[in-house]
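Under our numbering, the residues of the sequence shown are numbered -5 to 474, in order. What follows is a set of notes on a single structure, which appears directly below.
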Amino acid sequence: MKSLNELTFTEARRLLKSGDVSSVDVTKACLKQIASLNGALNVFLEVYEDEALEAADRSDARRLDGKTLGPLDGLPIALKDNILYQGRRCTSGSKILESYIAPCDATVTRKLKEGGAVILGKTNMDEFAMGSSTEYSAYGATKHPRDPERVPGGSSGGSAAAVASSMCLAALGSDTGGSIRQPAAFCGVVGLKPTYGRVSRSGLVAMASSLDQIGPLTKNVEDAATLLELLQGVDSADQTTAIEEDFTAIEREDLKGVKIGLPRQAWGNGISDGVREDTEQAIKDLESLGATITEIDLPFAEESLAVYYVLMPCEVSANLSRFDGMRYGLRMQNLPLFETYAASRAHGLGTEVKRRILLGTFALSRGYYDAYYVQAKKVQTLIKRAYESAFQEIDIIVTPTAPTTAFKIGEKTNDPLEMYLEDIFTVGANVAGLPAVSLPCGNHEGLPVGLQFIGNWFREDKLLSVAGAYEKFVAMRPRI
Ligand code: GLN
-5 MKSLNELTFT EARRLLKSGD VSSVDVTKAC LKQIASLNGA LNVFLEVYED EALEAADRSD
55 ARRLDGKTLG PLDGLPIALK DNILYQGRRC TSGSKILESY IAPCDATVTR KLKEGGAVIL
115 GKTNMDEFAM GSSTEYSAYG ATKHPRDPER VPGGSSGGSA AAVASSMCLA ALGSDTGGSI
175 RQPAAFCGVV GLKPTYGRVS RSGLVAMASS LDQIGPLTKN VEDAATLLEL LQGVDSADQT
235 TAIEEDFTAI EREDLKGVKI GLPRQAWGNG ISDGVREDTE QAIKDLESLG ATITEIDLPF
295 AEESLAVYYV LMPCEVSANL SRFDGMRYGL RMQNLPLFET YAASRAHGLG TEVKRRILLG
355 TFALSRGYYD AYYVQAKKVQ TLIKRAYESA FQEIDIIVTP TAPTTAFKIG EKTNDPLEMY
415 LEDIFTVGAN VAGLPAVSLP CGNHEGLPVG LQFIGNWFRE DKLLSVAGAY EKFVAMRPRI
C-alpha cells in the first residue's frame, strides 16, 4: 500500500472523503518525508511546518462541519521560490533577495488557498529561474532523488524533486524556456506549461515576461488538469491573461482519429541513445492507441533556441534592473548612490544571471538592437506561423522533452552553451506561447525519460486528454 505522501489527488480525496484519513495525516506524512530527505537532497528552502498543520486542521474542520470544500481541500502542495506567499521569504534562488518578504500573495497562491490547499513550503530553483539543473541556486544545488550525484533538472528542480520523492502531492513551477518540463522529465513526473496567458503571472518574480508561465508538477496528468482548472483565468493584475474559453478536463481511452505530428527537426544529433529508444517506443505506443503519426516540417523551429537566447536575456536585463539595492532585498551600505547600485548587484547576483544581463543589455543597445532584438522578434513571428500552419494539419506535436536524461552535478556548469542545449525541445513552446506537457515514457539506466506533447493555443483540453490516454497505456506496459 502507498503511504499517504505518495498519493495522487484523486486517491487522497477519496480517503479524505471516506473519513479514514485526515488532511493532518496526509500533511504529517509529507512533513516526515521532507524531514528525512531534505538534508541530503536540498529540495525545500523553507518549510512551514506549523502553518501547514494548522491549515490542514482547518480543512479537516471544514470537512467535519459539512462546509463547501475547495477542489484541493486538505491537499499538501509546494511552491517554487519565485512565487509570492504573503509574509514569507521569496528568494527566487538569489542572494540579492535573501531577506525579501513577499508583501502579498501571487494570484496562483491566492487561488490555491481559496481552493483549500495546504502550502508546505518553498522549493529550490536556479537563481531567477535561469538554468537547467538547479545548480545555479545561491542556496546550493538540489540533488536528484534517484541519484544524489545527478541534477534534478531546472530551473524548477526543487519542485520536480519534491513531487518525485513524495515530499508533497504536487508543486507549482514556472516555465520560461522549459523549466517545468525538463525537470519533470529528469525526475519522472508530469510537468505542464500552460498556453501563455492561461495562468496569471501576477506575483511571479519575472524572468522574461513575454515567455513566463506558471504551471503544475504532479504525479499524473489528471492532477495537472485539476490544478490547471483551479489556477487558470483572467486576472486584472496580469494584462496578458487572455479571455478564452476556460479549460475543462476531458478524458479519452484511445487516440483514434488523433493526428500527431513528429517534427523532422526533433531527431537531429545530440539526443542520447536512451532518449531516442524510449521516444521511438512511445511513438509505437501512440500508434497502437490509434493515433496517426506523420512527420512534419516546422520551418524555423531550429531557430527557436537562438531566438530564445536573444529575447530572454533582453527581457531579463530589463526585468532585473529593479534589483539595485534600493527597493528589494540586499543593499550594500555606506556607499555613494551609484556605487550602492553596483556593489549590491555585484554582490547579490550570481555569474549566470550577470551573464544574461550583460548579453541582454548588449543586444538592446543602440547599433545592435535591430540586428539582434528586432531580428529575433521577426523570426519569432515566423516560428509562430510555422506552428499555426502545422496545427491546421495535426492535433498534437510529439518530441522528446530533453536530449538527455539527468546529468551529473558539475558536468555542464562550466559550459553555458551545453547547458543551453538542454532547452532545444522545450523553448519552441515558449517562443510561440503554446501549451506543452512532459510525462514519463521510460527509464534508461535507472533514470527517467520524458516525452513532450505540444498542443494548439488554448487547447489544453485536447493536449491533456491525449497525454492522459498515453499515460494509462504506459502504466500497463511492464517495463516502466
Ligand atoms: N533552461 C532555460 C534557461 O536557462 C529555461 C529556464 C526557464 O524556463 N525558467 O533559460
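Ideal Cβ placement from N, Cα and C applies to all residues, glycine included. All figures in this text were calculated on a predicted structure; none of them were measured in a lab.
Which of helix, strand or coil does DSSP assign to residue i?
i	result
residue 229	strand
residue 33	helix
residue 210	strand
residue 474	The predicted position of residue 474 is uncertain, since its pLDDT is 46 and thus under 50; a value taken from the coordinates is nonetheless stated next. DSSP places residue 474 in coil when its eight states are reduced to three.
residue 377	helix
residue 164	strand
residue 408	coil
residue 169	strand
residue 83	strand
residue 89	helix
residue 69	coil
residue 186	strand
residue 61	coil
residue 23	helix
residue 28	helix
residue 399	coil
residue 368	helix
residue 199	coil
residue -3	coil
residue 392	strand
residue 5	helix
residue 15	coil
From residue i to residue j, what distance separates their C-alpha atoms?
i	j	result
residue 60	residue 51	14 Å
residue 389	residue 253	5 Å
residue 157	residue 177	11 Å
residue 125	residue 78	20 Å
residue 469	residue 101	34 Å
residue 229	residue 142	40 Å
residue 109	residue 174	22 Å
residue 450	residue 335	43 Å
residue 304	residue 170	13 Å
residue 210	residue 328	43 Å
residue 91	residue 200	13 Å
residue 307	residue 354	4 Å
residue 135	residue 38	11 Å
residue 474	residue 95	Unreliable placement is indicated for residue 474, whose pLDDT of 46 sits below 50; the coordinate value is still reported in the next sentence. For residue 474 and residue 95, the distance between alpha carbons rounds to 43 Å.
residue 276	residue 422	21 Å
residue 352	residue 66	42 Å
residue 340	residue 403	25 Å
residue 27	residue 385	43 Å
residue 64	residue 425	34 Å
residue 448	residue 57	38 Å
residue 410	residue 131	15 Å
residue 420	residue 357	23 Å
residue 15	residue 49	16 Å
residue 330	residue 40	35 Å
residue 460	residue 286	12 Å
residue 17	residue 23	10 Å
residue 189	residue 224	15 Å
residue 456	residue 244	8 Å
residue 238	residue 452	7 Å
residue 361	residue 370	15 Å
residue 291	residue 394	16 Å
Is there at least one non-hydrogen atom of the ligand MN closer than 7 Å to the beta-carbon of residue i?
i	result
residue 120	Among the ligands in the structure shown, the ligand MN does not appear; only the ligand GLN can be found there.
Taking Cβ positions, are residue i and residue j nearer each other than 8 Å?
i	j	result
residue 42	residue 283	no
residue 316	residue 289	no
residue 88	residue 68	no
residue 203	residue 309	yes
residue 148	residue 168	no
residue 219	residue 458	yes
residue 212	residue 179	no
residue 272	residue 138	no
residue 301	residue 207	no
residue 325	residue 311	no
residue 429	residue 454	yes
residue 194	residue 235	yes
residue 154	residue 115	no
Exercise for the section: Please list the segments of the alpha helix (DSSP H) lying wholly inside the segment 319 to 357, counting only runs of 4 or more residues, in order along the chain. Expected result: Here the runs fully enclosed are 331 to 342.
Exercise for the section: For the segment 222 to 294, list the beta strand (DSSP E) runs that are entirely contained and at least 3 residues long, ordered along the chain. Expected result: 253 to 257 and 286 to 290
Problem - Within the segment 99 to 157, ranges of the alpha helix (DSSP H) (whole runs, at least 4 residues) - result: 101 to 108, all fully within the segment 99 to 157.
Problem - Those runs of the alpha helix (DSSP H) which lie wholly inside the segment 33 to 58 and span at least 4 residues - result: 43 to 58
Exercise for the section: Note down, one range per segment and in chain order, each alpha helix (DSSP H) of at least 4 residues found wholly within the segment 409 to 450. Expected result: 410 to 415 and 421 to 426
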